[in-house]
Ligand SMILES: [Zn+2]
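Protein chains in written order, with my numbering: chain A, 18 to 597; chain B, 18 to 326.
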């Protein structure tokens, strides 16, 4: 394998470096992007891209691809695996199966095929994170990280209730290290804990049973913790009341509550501008007070975002497929089971969190599903600044990740949306505004919302999401020439090209050629190692000895994920000692 | 597994039971005998966050045809007639729904008692049903489990209930987990067509052996020689059989080649998944006897040889 690559005549979209469709050469040396003049052409492998669309490797900021609940999806849905069974050498060297919950190999292959090279696992229950890392280790090609679920953690709740914010922050840092996690993830704060008793919280001021805290207080303390530690990413939140008619109000209220904490983004690494990333916002943008009066509130959501750049989102766009829902939002999955009658799996995790898994069939004939479909696209199109938006389907909750090319094609083409507007239920005409929007995403906006913006939001834009010198050589070249194709008209062409990249380079190695995986490299696992003041950490560790004995079914000594589970770790060291 | 694929499963980790459960059912399960530390560490006797008094804070219900050691500890013992678990679960479901049962007894249990128990279940603030082989082996097999899961699911309309399967064999959960994430299916995976295929009744090990399709067999850390049906074991004896196991087992007895390996969690490290799917790091405590490989080393050598062929 050549250590150097020279890619000629690439039509590059690289928004972080201000490049919009310039035909240029790209140099690659030792896994990084270099100036083409530094590449020794006689030794390098030279590729002529002939004006094809070229972007940095895609970055998925939120997907459920590895860990206990994903595997429950696989185990309890053989019917999903049977929908897509891929033989040896078809997509890559190995076989696999699964449409909405693909096996780990297939997950790596299908993302790479689309030119994605970084995929963040959006939720890991700390106690079971060893499992998450085992799956990440078995997922080829992709760089990944695990978001550590903290939004319902008793130990954090107790410190916060006692007014011990610094201890809470030190514990959060300890937990990130124990789980080799990357992000403070919050799912239905208070609600999942209440689900331990079969209950939920219904407003930002509802008290969490027995803990004397409200969701609003929880958010405010967590955002302070996040900025005290100076983490690369902001708090990553899945607000309360996901999926309920009328929930747009609590969503806006949540963002207000976070802003009321009065902190500014203060990362020790990267340049993010947000203090909160609100995930799969499609599920949180509903009006009405019942399914009968259900309607889109995407306009209110977008209006808020247009005023507040300190809030970023990913879409959670519905793709109208049969899929599998899975979340740490235990009460929500129960509701879905009650609504659909489909089989229900649930796993509450002591001290920390819960989870549920339910199959789901989104149908274009169903009025509610059709409006949900419209909402995801509306939010993307009505939010003016693409740097606040990431394309996602909350895989697999609103649809499988391998539908991203279709979502992108919808956003780039009004005629394509028109075609689907004919197929969906006419509630979309009455209760959504999608039909009145004529904005079409440009290639630059696609590059922002699929690479540049997520990399920046994650605090990793020094190394991924762009093609500037020094960036990791993650490059996706698609078999489509921007100067010959009009995405608005040729949407089918766009969708096809994005499904199967012409060439994908990962860490300087060619991993995909003509849509087929030709080389499995080992991905890196990002995690943050946050140094906090020693004296506070010692106090916390002392507390943990007692708390673990009292609350957990495992020993403290057995809890922390050992290094051996991360064959290629990328430890991001953050020194927060002077910040306390 | 089949029941889970039919109707799902509401479950939790063992620490949830320890911290929250005020009502616990052991159905066809005798942990006093089969899992000696289970009741004191995680359930009946354990003190938990919301159950500071341990045993006193919990109501224990045991359903079993035999008055087992666990049954003798119970607050409520229900002696079900052998093989009538399905009927009893159905009656309990009816009682939970407030439906009138027009009989005097079901499965040997008086109807008044069924109503009493149904009330107990509904009044729980957090209930856990543990079930084990006793329930899977009785007539009805996985349909019993379907029905038990439905009972737990129904109870969630009133309060909080979960269910945990008491799995006896060491790390069988881990095997299901790993196979599922690597292939998409938890067991009985067939690769003959180049892709993973799953069809229990056709592709399970027992199916392949009894149909005489398998013409060679390698067993790693398992003892089908002791547990499989007669006909399958007969086939195992006919074909080349390799047994890789730390212990000398009935399977090893039948094997043409036996490869002793180091014991994970004592002589070698690794990961084991607990019955509630919590992954535990297994540590090495002592060195294995000289020359003894662990199963990973052995299998890697086999793969190397296969690739040379
Ligand atoms: Zn999610």
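Each residue gets a CB set at the ideal place from its N, CA and C atoms; glycine is no exception.
None of the values given here were measured: they were computed from a predicted structure.
According to DSSP, residue i sits in a beta bridge with which residue or residues?
i	result
residue 41 (chain B)	B:77, B:145
residue 160 (chain A)	A:135
residue 102 (chain A)	A:114
residue 25 (chain A)	A:65
residue 587 (chain A)	A:543
residue 339 (chain A)	A:378
residue 77 (chain A)	A:136
Just to check my reading of the structure: residue i and residue j have Cβ atoms closer than 8 Å, yes? What is that Cβ distance to the nearest angstrom?
i	j	result
residue 150 (chain A)	residue 424 (chain A)	Not quite, the Cβ-Cβ distance comes to about 29 Å (not below 8 Å), so this is no contact.
residue 33 (chain B)	residue 367 (chain A)	5 Å
residue 278 (chain A)	residue 328 (chain A)	Going by Cβ atoms, the distance from residue 278 (chain A) to residue 328 (chain A) rounds to 13 Å, so no, they are not a contact pair.
residue 292 (chain A)	residue 244 (chain A)	7 Å
residue 261 (chain B)	residue 312 (chain B)	6 Å
residue 208 (chain A)	residue 257 (chain A)	5 Å
residue 184 (chain B)	residue 292 (chain B)	5 Å
List the residues of chain A whose Cβ lies closer than 9 Å to the Cβ of residue i, in chain order.
i	result
residue 319 (chain B)	Within 9 Å Cβ-Cβ: nothing; residue 319 (chain B) doesn't reach chain A, min ~18 Å.
residue 143 (chain B)	213, 214, 215
residue 59 (chain B)	570
Buried or exposed for residue i, please, with buried defined as at least 16 other CB atoms from any protein chain shown within 10 angstroms of its CB.
i	result
residue 272 (chain A)	buried
residue 174 (chain A)	buried
residue 250 (chain A)	buried
residue 362 (chain B)	Nothing in the structure corresponds to residue 362 (chain B), since chain B is present only between 18 and 326.
residue 28 (chain A)	buried
residue 18 (chain A)	With a pLDDT of only 47 at residue 18 (chain A), under 50, the local geometry of the prediction cannot be trusted, and no value is derived from it.
residue 308 (chain A)	exposed
residue 318 (chain B)	exposed
residue 468 (chain A)	buried
residue 514 (chain A)	buried
residue 161 (chain A)	buried
residue 218 (chain B)	exposed
residue 12 (chain A)	This structure does not reach residue 12 (chain A), given that chain A is present from 18 up to 597, and the question cannot be answered.
residue 356 (chain A)	exposed
residue 340 (chain A)	buried
residue 47 (chain A)	exposed
residue 320 (chain B)	exposed
residue 59 (chain A)	exposed
residue 402 (chain A)	exposed
residue 330 (chain A)	buried
residue 228 (chain B)	exposed
residue 178 (chain B)	buried
Which bits of chain B does residue i rub up against, with CB to CB less than 7 Å?
i	result
residue 215 (chain A)	173, 176, 177
residue 155 (chain A)	198, 199
residue 95 (chain A)	22, 202, 215
residue 536 (chain A)	Those do not exist, as residue 536 (chain A) stays about 18 Å from chain B at its closest Cβ, beyond 7 Å.
residue 567 (chain A)	66
residue 120 (chain A)	198, 199, 200, 201
Identify the contact partners of residue i in chain B, using a Cβ-Cβ distance below 9 Å as the criterion.
i	result
residue 72 (chain A)	The premise fails here: residue 72 (chain A) is roughly 30 Å from chain B at the closest Cβ pair, so nothing lies under 9 Å.
residue 102 (chain A)	201, 210, 212, 213, 214
Since residue i meets chain A, which of its residues come closer than 8 Å, beta carbon to beta carbon?
i	result
residue 74 (chain B)	The premise fails here: residue 74 (chain B) is roughly 14 Å from chain A at the closest Cβ pair, so nothing lies under 8 Å.
residue 295 (chain B)	144, 145, 570, 571
residue 53 (chain B)	Going along chain A, no residue has its Cβ under 8 Å from residue 53 (chain B), so there is no contact; the nearest lies around 16 Å.
residue 33 (chain B)	213, 365, 366, 367
residue 187 (chain B)	By Cβ distance, chain A contributes nothing, its closest Cβ being about 17 Å from residue 187 (chain B), past 8 Å.
Please list the partners that residue i has in chain A, where partner means a Cβ-to-Cβ separation under 7 Å.
i	result
residue 28 (chain B)	363, 364
residue 25 (chain B)	93, 360, 361, 362
residue 36 (chain B)	367, 568
Any beta carbon from chain D within less than 8 Å of residue i's own beta carbon?
i	result
residue 92 (chain A)	Among the protein chains in the structure shown, which are A and B, there is no chain D.
Taking residue i as the query, report the chain B residues whose CB atoms sit under 8 Å from its CB, ordered along the chain.
i	result
residue 148 (chain A)	194, 290, 294, 296
residue 8 (chain A)	Past the edges of chain A, shown from 18 to 597, lies residue 8 (chain A), and the structure says nothing about it.
residue 112 (chain A)	200, 208, 211, 212, 213
At a cut-off of 7 Å, would you count residue i as near ligand 3, judging by its Cβ distance to the nearest heavy atom?
i	result
residue 301 (chain A)	Looking for ligand 3 in the displayed structure turns up nothing; the ligands present are ligand 1.
Checklist entry - Whole alpha helix (DSSP H) runs in the stretch 530-577 of chain A with 4 or more residues, listed along the chain? => result If you keep only unbroken alpha helix (DSSP H) runs of at least 4 residues inside the stretch 530-577 of chain A, you get 551-568.
Checklist entry - Curious, which full-length alpha helix (DSSP H) runs of at least 4 residues does the stretch 246-319 of chain A contain? => result 265-277
Checklist entry - What runs of the alpha helix (DSSP H), each 4 residues or longer, lie entirely inside the stretch 386-474 of chain A? => result 421-429, 431-440, 444-448, 460-464
Checklist entry - Which runs of the alpha helix (DSSP H) fall wholly inside the stretch 179-213 of chain A and span at least 4 residues, in chain order? => result Every alpha helix (DSSP H) stretch that sits fully inside the stretch 179-213 of chain A and reaches 4 residues is listed by chain position as 182-196, 208-212.
Item to check | Any alpha helix (DSSP H) of 4 or more consecutive residues that is wholly inside the stretch 211-285 of chain B | outcome: 222-227, 241-244, 247-255, 267-271
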